[in-house]
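To keep things clear, I will list the structure first and then write my remarks on it.
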Amino acid sequence: MLVVGELINSSRKAVAQAIAERNTEYIQDLARKQVEAGAHIIDVNCGTSIGEEEKVMTWLVTSVQEVVDVPLCIDSPSAGALAAGLAVHKGQAMINSITAEKDRWQEVLPLVQKYKAKIIALCMDDGGMPETVEDRLRVADKLVPGLLEAGIPEDDIYLDPLIKPLGVNSRYGVEALDAVAALKEKYPKVHTICGLSNVSYGLPERRLLNRAFMVMCLTKGMDAFILDPLDGQLMGLLKAAMALAGQDEYCLEYIAAARAGRIKA
């Protein structure tokens, strides 16, 4: 199970302020805390830094990698910002993200190839956001063969079925769960990933929904999440669900996390 820590994102007010002030200490502390809580990769996103995103991304990647020994997920709608972050990244990075949209594909694929990065592939094409499981499979049938043909290993591909807010449509949760199961059945050697908190957007007590949805996703085959690792109850549920699903031999990860105080009941 891969955990991508989501907290270094300029859409969060405190992070935006830290970026504006070039508060390296704050950013580094946030990175450290996420790794200590169990994140395997740290997402870095500075998409609100209009006009200087490439410069800021370079600073973010450099600052974070000074203090944590894990890969980063370079996250931006701007190919230029992705390239800037990848250029200074040490080791194999993850890119968030590519789609089957013609322009995005042409911009991002060369970066995936050049830097041999792991890639999050959103199930979206020029037709827009997917509405059904069939829509997602149709787009995945473009993404996966295209990436494989370009020389990207299956183990480096992470399909994102695109989780939509449950508050907009009560079927969006079931739709996403069915999509995960269908994608895993068709492409068993390719990973699945999602931004967990998208499902709860606009609803009260969001953490409760995120926690429940994570466990349900795991039972359908989801094997990577972009989430808040500082939510101890969320991380506890993740370790417990992995053990119950037979993904933690002798419950060793669960026991180690509990003894280290990284999870909460």
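Under the working numbering, think of the first position of the sequence shown as 46, with each following residue one higher.
Positions of the beta carbon are idealized from the N, C-alpha and C atoms, including for glycine.
With C-beta atoms as the reference, is residue i less than 8 Å away from residue j?
i    : j    : result
P116 : I86  : yes
L192 : I202 : yes
V184 : P190 : no
V235 : L254 : no
C168 : R181 : yes
R252 : L279 : yes
V219 : G266 : no
E99  : A129 : yes
V89  : V106 : yes
L297 : C262 : no
L47  : A269 : yes
Which residues in the same chain have their Cβ closer than 6 Å to the Cβ of residue i, if we skip the five residues on either side of it in sequence?
i    : result
Y299 : K284, A288 and D293
Q110 : K135
M102 : C91, A126, A129 and G130
Taking just the CA atoms, how far does residue j sit from residue i?
i    : j    : result
Q151 : K135 : 24 Å
A302 : Q79  : 14 Å
L311 : L272 : As displayed, the chain neither begins before 46 nor continues past 310, which places residue 311 out of reach and without an answer.
M139 : I119 : 6 Å
A65  : E97  : 11 Å
L75  : I53  : 7 Å
I72  : C91  : 12 Å
S215 : Y232 : 27 Å
Y314 : V178 : Shown here, the chain extends from 46 to 310; a query on residue 314 therefore has no answer.
A286 : V260 : 6 Å
I164 : D186 : 16 Å
N68  : A305 : 29 Å
A124 : S56  : 19 Å
G281 : E51  : 17 Å
In or out: residue i buried (at least 16 other Cβ within 10 Å) or exposed?
i    : result
N141 : buried
D170 : buried
P206 : buried
G172 : exposed
I143 : buried
P249 : exposed
A290 : exposed
When you compare the CB of residue i with every CB in chain D, is at least one pair closer than 8 Å?
i    : result
D170 : In summary, chain D is missing from the structure at hand, where a single protein chain is found.
Please list, in chain order, all residues of the same chain as residue i whose beta carbon is under 8 Å from its beta carbon, the five residues on each side excluded.
i    : result
G196 : Q158
E146 : M169, D170 and D171
>> Whether or not the region 55-63 and the region 240-248 are in contact is what I'm after, with contact meaning three or more pairs of Cβ atoms, one per stretch, closer than 8 Å; do they touch?
In response: A contact between stretches requires three or more CB pairs, one per stretch, nearer than 8 Å, and the region 240-248 fails this requirement with the region 55-63.
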